[in-house]
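Numbering (full-length UniProt numbering), first residue to last: 1 to 1127.
Heads up, the beta-carbon is just placed ideally off N, CA and C, and yes, glycines get one too.
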């Protein structure tokens, strides 16, 4: 029975078993089995009597008359001579493969060819699952002459497709059934991205991935029922009466779809030449722009958009389209600059370099050496804590005293005005105060703009460093002293900020400097001792100790200080590191409290006051601080804090982008700092003058202020009065916060709301400007003012609630700070330790979590936003959701730069412009796999190690390598330790011709046990390895340990960056035809940056595409083509 007499082209396993079981002598039908798999799979097992014709899948053809004639002759010969097919009426041909989706529907391609020549489904996997027997014997076949009668109604030619494109009245549909990366234009074929000279799709084609018409059962693919096929095509807007031209790469997947469409009643033809033919003719039109510029992030199935399922197109009309077009025009260049700028950052590697030198060093360590290292650690941690507490205290003391001198001068100038200054009595004090404040601020801004190579506050850089990124110049000793002076000048200029944030960076600088021992003084005192800690991991440990010590000194919270380093993103945190950091916090707090009690409270030798942020003695919440029915109002306070934090971060983020794009020169940065100082001083002076907030000062209030060493301010007030706004504006921020929580001092709602509004705007403006300001205390003041105002309102309106107003002050401070900084655990512990009341933990944690959640609905945290603007490749704790569908091979750098164990020096040095420049033209990883002759991974070596080898001329001649390498000729471990962390600049080295002809021997120096993943490993697993282990790079290998690529932190960060614009690219997949040519150019340029790191002008883009076409495989022979397809 010929194939055209069947109602369905597919044969089930049971039917095939029944046909094959019939004795041949009694059977009325002659059954021919054709196996379309390759020789290796065929030899392992096939259906008994099956003939192998793999050309059903591998043979490529064109659709012109000559190509079709050749195709007919080829398969008439193959089917007749090799399979003995005659085309008789009683002949049944069964063509099979491993499974529909395992071989690109190659059996369907064979069926289509037979059908086209005039002459059915399940697959070998289904036969095997059903218990069918396999044979390894090749059958005896009698060659035959196949009678052909070509059915032209099945085959679409190149001319048919061109006619369909030109004649729109025919209502023909071009249906692309290729895979996603081929459809969006990132790959030209299933066999390689550049197998064909051009990428893209036929103009106006609709897309339906071919396997969308399949169901799976027990791991085997089956065709969907007719009703489901019709429904799928109908949803795409394809009607049964329309002419459907199906195409893929070479007609194989299209054959499968054609069979299902014809069986469902659609008028379908197969463009057999498909993309392999069309893309090689430059005269044929294509849509060449990449629909998704960042295709490796594109996991949402765009067929929903193309088919207008669920009203997708209607949803995205109007405003959404305009918003998308704006995103294309404005954000694409921004994204490409960000992806490109990320290359300047290098990752830290917290894992040890497990090479022969390190192993020998560890084996040589004695118990005495281990005890010595432990003692050195204790001494260094003690010094870090003590010096951090010392510097921070005197910074605070110097700031407070100069501010009070200014206040005394202002009160003296206003003393003759009787509380109501005007005329000359106003202008002289005003100009004096504004002039002094602006001048001090200008000096601070000058130091920051011209002498600090990083952001003024230092907190974003600290977060990046703790996250595992090398931040150049942040821990220089010169930067430390410049930062201290600039910080004092900014505080004296009354800039809205605090010393808390910058002090954390100063503590980190102390930790980095003491632990590395790179100063000449340390080199003389400890010529070998401090060199023990010269690794990324050890340096990070001591920097964390310094940062936490600064936190503990400011806020009197050693546990909170330790948790701050953890919460701010430290990778590879360990139990011993927690002990180290906590010990340093205790040392810092001890020194700080000793100095604070002596200098401020004149009680030398006492430790009754803990840190600057100590108001536990004054908040007055020891009895009944909260009740259960207060919690709804705490939730409200958390929501308010989250909204304020979102507003603050959104406004500040806009200012950050403005500074990055417009204020690049130091002079402009300094100018902005001067303007900030001028406006701040004017507002601080004018607001208390215009708003009368004077209140009589009670004896109890004076006593409490004196006890807390807080000075109330009487500017613009009469004798015996104090100014609420003046006290909060003119005092040091820390003293202002403690005054706000004083138990016996009454505050009005008006001044509190004014303080909250003014501090929000001024702190938002000053943070990120060329001024060393922090955020913690301003956020506490903003939140404390709002919380206190809410508490006062509730107490006045509902006195039966029995509200403690100071409780709302503290919770409001926690809510706003959590909404801005996104701190949770460390912030909660800080407030618990600062208030001395452990039962505050529950309400504080509640409002902080709510504020964090509410603010997170609108914008990211302030430090995370800043690092995104700085283009630092920060990795969050959890991978982006889009990463869950990707494999390691999807983002790895390939092909990687690999070395053998022995390399010629000239060959290594010759690729210096690629390997060692900071711009990293083609190679973006700093670790290079070492491979054997088979390409299998045997180790890795770092760029820094290669620079040390080149600097010390650790070369060998060919004769020396022929013998066993002498241990004395191996560069000692100390050479690498002494070079840390800057190493050597390869670009400034000069080699002689003799040296270039010598060899480098990497075996003693390479990491023998690098972290590696299989190329099919889920990308989320690699992401978590980076985040938790603090890795710098991961080598990607295949199942045979052959190196395939390298993943770096920047690759994962690039995914996180581009993830933010994914929804816009999804819309583009459905509406790319609405873009202008200029917008398309933007996207093509973005693709070049995002996927290859290249920068193209408009003219160069066209040249680059032409070059890609010239390097294609379009001129390979038929045999080479077949071999490549098989591979």
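Burial state of residue 712, where buried means 16 or more other Cβ atoms lie within 10 Å: buried
Rounded straight-line distance, which links the Cα of residue 1016 to that of residue 888: 6 Å
Length at least 4, wholly inside the segment 715 to 763: the alpha helix (DSSP H) runs in chain order: 724 to 730, 733 to 740
Where residue 906 falls: helix, strand or coil (DSSP): helix
Spatially closest choice to residue 487 from 448, 478, 515, by CA coordinates: 448
Cβ contact check for the segment 737 to 753 and the segment 785 to 793: 3 or more pairs under 8 Å: yes
Cβ neighbour criterion (16 or more within 10 Å) applied to residue 618: Any reading at residue 618 is ruled out, since the residue's pLDDT is 46, under 50, leaving its predicted position unreliable.
8 Å Cβ cutoff met for residue 188 and residue 206: no
According to DSSP, residues forming a beta bridge with residue 954: The partner list for residue 954 (beta bridge, DSSP) is empty, contrary to what the question assumes.
Run of the beta strand (DSSP E) containing residue 287, from where it starts to where it stops: Where residue 287 is concerned, there is no enclosing beta strand (DSSP E), given that its DSSP letter is neither H nor E.
Beta-carbon separation (whole angstroms), residue 228 vs residue 267, contact threshold 8 Å: About 19 Å separates the two Cβ atoms, so there is no contact after all.
Buried or exposed by the 16-neighbour rule on C-beta atoms within 10 Å, applied to residue 176: buried
Helix, strand or coil at residue 214 [DSSP, three-state]: strand
Residue 429 in three-state terms, based on DSSP: helix
Spatially closest choice to residue 718 from 738, 735, 693, 702, by CA coordinates: 693
Neighbourhood of residue 52 by C-beta, 6 Å cutoff - its chain only, sequence neighbours within 5 removed: 35, 42
Spatial neighbours of residue 667 in its chain, beta-carbon cut-off 7 Å, leaving aside the 5 residues before and after: none
Rounded C-alpha distance that separates residue 578 from residue 508: 16 Å
Residue 857 versus residue 381 - alpha carbon distance: 40 Å
CA-to-CA distance, residue 94 to residue 15, given in whole angstroms: 11 Å
Three-state class that DSSP yields for residue 555 in the structure shown: helix
Of the residues 492, 469, 451, 490, the one placed nearest residue 476, counting alpha carbons only: 451
For residue 803 and residue 797, the rounded distance between their alpha carbons: 11 Å
Cβ contact (3+ pairs, closer than 8 Å) linking the segment 537 to 554 and the segment 384 to 396: yes
Enclosing beta strand (DSSP E) for residue 634 [first to last residue]: Counting along the chain, residue 634 falls outside any beta strand (DSSP E), though it belongs to the alpha helix (DSSP H) covering 631 to 662.
Range of the contiguous alpha helix (DSSP H) that encloses residue 231: 226 to 235
Beta-carbon proximity list for residue 565, same chain, < 7 Å, skipping 5 on both sides: 466, 544, 547, 548, 581
Cutoff 6 Å; reference residue 173; Cβ partners in own chain excluding five residues on either side: 238, 242, 244
Cβ neighbours of residue 62 in the same chain (closer than 7 Å, five flanking residues each side left out): 273, 277
Three CB pairs or more closer than 8 Å across the segment 652 to 662 and the segment 679 to 693: no
Length of the line joining the Cα atoms of residue 634 and residue 847: 6 Å
Residue 9 versus residue 163: straight-line alpha-carbon distance, rounded: 30 Å
Assigned secondary structure, residue 1133 (DSSP; H/G/I helix, E/B strand, else coil): Outside the displayed span of the chain (1 to 1127) sits residue 1133, for which this structure offers no information.
Cβ neighbours of residue 50 in the same chain (closer than 6 Å, five flanking residues each side left out): 33, 35
Residue 1044 vs residue 871 beta-carbon contact at 8 Å: no
Unbroken alpha helix (DSSP H) run spanning residue 384, endpoints: 367 to 414
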